[in-house]
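**Student:**
Right under this line is the structure:
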């Protein structure tokens, strides 16, 4: 009798442990592992076993969580005292989650729902790597002497934005290069923004924006991709008027100029687009009035669309 009472309070209750084969996986690939379930001191009925994939974003010195997927593992079952169960686990990561960066992380939260008792939990951090095509794109920027900024990878209203600064070829001319990547059937479409120094003494910054498509065949050859990026950036610097249609759009304020005209890829195709859409929906419900009011006051809607504002009012876990 005492054992049953204590188990209802969580003492001597069943436990669960998720053991992943690898704590890192690329977007679009399968993550695998096993659940190790151990019975407590009394027989207990398990209502269900499920896992939440939680996105953790660091912004303004705080961390916020959002559940991006709930993965059912097992329906109701009974576990006897001291019994050990092993259940398989596999999950294919959606292609359009944001990848892990200093400000973006993930954890699996396993929940063993115990009837008439305290649920058992387990947490396992995972690292989501870029798909190979995006990783090769990063390497191409590195070939040109660009280095990824510590702040790279923030989530905007239109997906995950990556930022690089020059150390060689474009140093002194380009302040930084930012881009969002859209995965398409035959390659990657980039919405590229180059911030260049202009004016007397180079003290003024000018934003030039352009859309570039890189086929899968081109991306396979990092050297060729680097050459194409070099040419594109040079053209943007030397002929900025050719891209005047997008040069002065406030940063991240509006969707890229041609998004709706390319086979309807839109938001869904963006790396990080899943999270951006989720956060946009949350903002529409919780923050729209504040966002509009501040944007009208500051005349800078673009800044309001960065991740910090989407997450304000969320679950503070610090």
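In my numbering, the protein residues as written are 84 to 401. The beta-carbon is built from N, C-alpha and C at its ideal position, and this holds for glycine as well. For clarity, every value in this text was computed on a predicted model and none was experimentally measured.
Using 10 angstroms around the beta-carbon of residue 97, count the other beta-carbons present and answer buried if the total reaches 16, otherwise exposed.
**Tutor:** buried
**Student:** Do the region 262–280 and the region 233–244 make contact, defined as three or more Cβ pairs closer than 8 Å?
**Tutor:** yes
**Student:** In three-state DSSP terms, what is residue 163?
**Tutor:** Three-state result, residue 163: coil.
**Student:** For residue 295, which residues in the same chain have their Cβ closer than 6 Å to its Cβ, ignoring the five residues on either side in sequence?
**Tutor:** Cβ neighbours of residue 295 beyond the five flanking positions: 273, 275 and 315.
**Student:** Quick check on this structure: which residue in 227, 181 and 206 has the alpha carbon closest to the alpha carbon of residue 402?
**Tutor:** The structure shown does not extend to residue 402, since the chain is modelled only from 84 through 401, so no value can be given for it.
**Student:** Please list the segments of the beta strand (DSSP E) lying wholly inside the region 113–145, counting only runs of 3 or more residues, in order along the chain.
**Tutor:** Fully enclosed beta strand (DSSP E) runs of 3 or longer: 113–121 and 127–142.
**Student:** Can you tell me where the alpha helix (DSSP H) with residue 252 in it begins and where it stops?
**Tutor:** For residue 252, there is no enclosing alpha helix (DSSP H), as DSSP gives it neither H nor E.
**Student:** If you follow the alpha helix (DSSP H) that residue 103 is part of, which residue opens it and which one closes it?
**Tutor:** Run containing residue 103: none in the alpha helix (DSSP H); it sits in the beta strand (DSSP E), 98–103.
**Student:** Anyone know if the C-beta pair for residue 319 and residue 291 falls short of 8 Å?
**Tutor:** Yes.
**Student:** Going straight from the alpha carbon of residue 344 to that of residue 202, what length do you get?
**Tutor:** Legend: pLDDT at residue 344 = 35, less than 50; position of this residue unreliable, value from coordinates given subsequently. Computed Cα separation, rounded: 49 Å.
**Student:** In three-state terms, what does DSSP make of residue 314?
**Tutor:** Looking at residue 314 - three-state DSSP - the assignment turns out to be helix.
**Student:** For the alpha helix (DSSP H) that contains residue 78, what are its first and last residues?
**Tutor:** What the structure shows of the chain is the stretch from 84 to 401, and residue 78 is not part of that stretch, so it cannot be assessed.
**Student:** Per DSSP, residue 154 is paired with what?
**Tutor:** 134
**Student:** Taking the C-alpha atoms as reference points, what is the distance between residue 223 and residue 354?
**Tutor:** Between the alpha carbons of residue 223 and residue 354 lies a gap of roughly 18 Å.
**Student:** List the DSSP bridge partners of residue 202.
**Tutor:** According to DSSP, residue 202 bridges with nothing at all.
**Student:** Under 8 Å, with one C-beta from each stretch per pair, do the region 159–167 and the region 210–228 reach the 3-pair mark?
**Tutor:** no
**Student:** Would residue 172 and residue 217 qualify as a contact pair, given that the criterion is a beta-carbon distance under 8 Å?
**Tutor:** Contact: no.
**Student:** Between the beta-carbon of residue 270 and the beta-carbon of residue 299, is there less than 8 Å?
**Tutor:** The Cβ atoms of residue 270 and residue 299 lie closer than 8 Å to each other.
**Student:** If the criterion is Cβ atoms closer than 8 Å, does the pair residue 176 and residue 135 meet it?
**Tutor:** No, Cβ-Cβ distance for residue 176 and residue 135 is not below 8 Å.
**Student:** Give me, in chain order, the residues of the same chain whose beta-carbon lies closer than 7 Å to that of residue 184; leave out the 5 immediate sequence neighbours on both sides.
**Tutor:** 235 and 236
**Student:** Which two residues bound the contiguous beta strand (DSSP E) that contains residue 231?
**Tutor:** 229–231
**Student:** Tell me which same chain residues have a C-beta within less than 6 Å of the C-beta of residue 166, skipping the five on either side of it?
**Tutor:** Excluding sequence positions up to five before and after residue 166, its CB lies within less than 6 Å of the CB of 122, all in the same chain and listed in chain order.
**Student:** Going by DSSP, which residues form a beta bridge with residue 107?
**Tutor:** 210.
**Student:** Over the uninterrupted beta strand (DSSP E) stretch that includes residue 304, give me the two end residues.
**Tutor:** Where residue 304 is concerned, there is no enclosing beta strand (DSSP E), given that its DSSP letter is neither H nor E.
**Student:** Less than 8 Å between C-beta atoms, sequence neighbours within five positions excluded: which residues of the same chain meet that for residue 169?
**Tutor:** 117, 118, 119 and 120
**Student:** Does DSSP put residue 320 in a helix, a strand or coil?
**Tutor:** helix
**Student:** Determine the DSSP secondary structure at residue 375, reduced to helix, strand or coil.
**Tutor:** A caution first: residue 375 carries a pLDDT of 41, below 50, which makes its placement in the model unreliable, though a value can still be read off. Here residue 375 sits in helix by DSSP.
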